[in-house]
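The working numbering puts the first residue of the sequence shown at 960, with every later residue one more than the last. Each residue gets a CB set at the ideal place from its N, CA and C atoms; glycine is no exception. Remember, it's a predicted structure, so these values are computed and weren't measured experimentally. So the structure is just underneath, and the comments pick up after that.
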Amino acid sequence: MDWWLIVTALVAGVYGALVGALLPRARYRLAVEPGEPWRGAAPCGHALGGWAGRARCGVCGGRYGPGALWPAAATAAVCAGTAAAVGPRPELAVWLLAAPVGVLLAGVDRAVRRLPDVLTLPLAAGAAALLGAAAALPGAAGSWPGALLGGAALGGAYLLLFLAHPAGMGFGDVKLALGLGLILGWYGWGVLILGGLAGLLLASAYGMTLLLTRRAGRGATMALGPFLVAGAWAGVLAGGWAVRP
């Protein structure tokens, strides 16, 4: 790893930590049951100002959600690892913008088993647009048509899974798969298959662990989003390493 790659990874890690520390308030506001409006006030009754920041009331100082440590650490690790694998290529900017969204989606889904459209749809639209711009820049190591096909393929595959077994998967997972497919498809079909299968395998392993330890029974549901995001990240790391000179 040369010095320029080390600097890139360090800068990306600092960026990830700073942005990740701003996610708790958005997680709290979005972590509501389907049909309920986004939270606009803390449990103490004081109004929340904006979407970014700590999960702590600015008036009375009361804490109303998880701290900033885990989202900051998780986003920093994802951004630094991605930068180390991909290097200073145009698509790295797209991955660094998508990383906090993925961490936030994982947190919300884990809390209420819901993947809000306000995150999944902009992720897909933003990935399509930004990867199109990245493809036009020198040094890009992926394919924009491949990304579009990947989004359609993974989104379509999850749509079929949803139609076949609606009780085991939410429609939010389908919309998330669309955005993740765009990201994975950038590096080709091999990375798309790897990232897609990795998410399902991680979810299956976790579900089996819950059954074996009797922490959940047969038919129990769990949040699939965190595993889909983790699988996609594994695919991006593999794709980034594969195209490095």
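Beta-ladder partner(s) of residue i, from DSSP
i: ALA1006; result: ALA1000
Start-to-end residues for the alpha helix (DSSP H) that takes in residue i
i: SER1163; result: 1148 to 1171
i: GLY1144; result: 1130 to 1144
i: LEU964; result: 962 to 979
i: ALA1112; result: 1103 to 1123
i: ALA1027; result: First-last for ALA1027: undefined, no H or E at that position.
i: GLY1127; result: Neither: GLY1127 is in no alpha helix (DSSP H) and is coded neither H nor E.
i: ALA1182; result: From DSSP, ALA1182 is part of no alpha helix (DSSP H); its letter is neither H nor E.
Three-state secondary structure (DSSP) of residue i
i: ARG1015; result: strand
i: ARG911; result: Because the chain spans 960 through 1204 in this model, residue 911 falls outside it and cannot be assessed.
i: ARG1022; result: strand
i: THR1034; result: helix
i: VAL991; result: coil
i: GLY1096; result: Sequence check: residue 1096 is Leu here, not Gly. If DSSP states are grouped into helix, strand and coil, LEU1096 belongs with coil.
i: PRO1049; result: helix
i: ARG984; result: helix
Expected contact under 8 Å - CB spacing of residue i and residue j to nearest Å
i: ARG998; j: GLY1066; result: Going by Cβ atoms, the distance from ARG998 to GLY1066 rounds to 14 Å, so no, they are not a contact pair.
i: ALA1162; j: PHE1186; result: 4 Å
i: ALA1014; j: ALA1006; result: No, ALA1014 and ALA1006 are not in contact; Cβ-Cβ is about 14 Å, not under 8 Å.
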